[in-house]
Amino acid sequence: MDISDQLQCLFSGKVEERNGPHVIEIPEQELRLGDLEADETYRVALLPSPTTSETNTTDDDSQSQQTSQTPPVEEGERRTVEIEDIGDQGDGITRVERGFVVIVPDTKQSERVTIEITDVRENVAFADVVERISYYE
2 MDISDQLQCL
12 FSGKVEERNG
22 PHVIEIPEQE
32 LRLGDLEADE
42 TYRVALLPSP
52 TTSETNTTDD
62 DSQSQQTSQT
72 PPVEEGERRT
82 VEIEDIGDQG
92 DGITRVERGF
102 VVIVPDTKQS
112 ERVTIEITDV
122 RENVAFADVV
132 ERISYYE
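With the numbering used here applied, the sequence shown closes on residue 138, and no number is skipped along the way.
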């Protein structure tokens, strides 16, 4: 499956019926990150969640589904990134594969830095700056 470079956010949710229409709730944190705005229109892709029996099988397709659900970074990993935005708490925000969010304190928007991942969670990671990179390099 190809994932567009234009991916704004990635989260899991349920489709619920509410008095006729069906609704998917966007987590508030996705709006706080600043890439999505209330009352705007976005394209949405829906992917089925694997069932319990699918996650317990060992065929290649099932393993690739499980792998795509894991964060694309690991603790201790170093990457050079550009800070895309500043969050409400003043921390820098960058995105890596599949739109996965990495929070980097003490950075400015558009700053290029080498980071070391310090904490990885299901839908976000945290990193410290190892080196600030000049735009002339």
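Built from N, CA and C at the ideal position, the CB exists for glycine as well. None of the values given here were measured: they were computed from a predicted structure.
What would DSSP say about glutamate 29, mapped onto helix, strand or coil?
One-based indexing of the sequence shown puts residue 29 at position 28. Glutamate 29 falls in the helix class under three-state DSSP.
Can you give me the C-alpha to C-alpha distance between serine 135 and isoleucine 116, rounded to a whole angstrom?
Counting from 1 along the sequence shown, the entry for residue 135 is found at position 134. Counting from 1 along the sequence shown, the entry for residue 116 is found at position 115. So the two alpha carbons sit approximately 14 Å from each other.
Quickly, what does DSSP pair isoleucine 174 with across the bridge? List them, please.
Because the chain in this structure spans residues 2 to 138, residue 174 falls outside the shown range and cannot be described.
For the putative contact between glutamate 112 and arginine 96, defined by C-beta atoms under 8 Å, what is the C-beta separation to the nearest angstrom?
Numbered from its first residue, the sequence shown carries residue 112 at position 111. Numbered from its first residue, the sequence shown carries residue 96 at position 95. At roughly 15 Å, the Cβ-Cβ gap does not stay under 8 Å, so glutamate 112 and arginine 96 are not in contact.
Three-state class that DSSP yields for glutamate 76 in the structure shown
Residue 76 sits at position 75 when you count from the first residue of the sequence shown. Looking at glutamate 76 - three-state DSSP - the assignment turns out to be coil, as it is neither helix nor strand.
Count the other CB atoms, across all protein chains shown, that sit within 10 Å of the CB of valine 103; report buried if there are 16 or more and exposed otherwise.
The residue labelled residue 103 in the question sits at position 102 within the sequence shown. It is buried - the Cβ of valine 103 has at least 16 other Cβ atoms within 10 Å.
Mind reading off the beta-carbon distance from aspartate 120 to glutamate 76? Whole number of angstroms is fine, and I expect it under 8 Å.
The sequence position of residue 120 within the sequence shown is 119, counting from 1. The sequence position of residue 76 within the sequence shown is 75, counting from 1. Indeed, because the Cβ distance is near 7 Å, the residues count as touching under 8 Å.
CA nearest to the CA of valine 125, picked from Gly93, His23, Lys15
Looking up residue 125 in the sequence shown gives position 124. Here the closest residue by C-alpha is Gly93.
Please check the pair valine 130 and valine 105, which I expect to be a contact at CB under 8 Å, by giving their CB distance rounded to whole angstroms.
As a working mapping, residue 130 is identified with position 129 in the sequence shown. As a working mapping, residue 105 is identified with position 104 in the sequence shown. Indeed, because the Cβ distance is near 6 Å, the residues count as touching under 8 Å.
Applying the 10 Å Cβ sphere with the 16-neighbour rule, what's the burial state of proline 22?
Here residue 22 refers to the residue found at position 21 when the sequence shown is read from its first residue. The residue is exposed, with fewer than 16 neighbouring Cβ atoms inside 10 Å.
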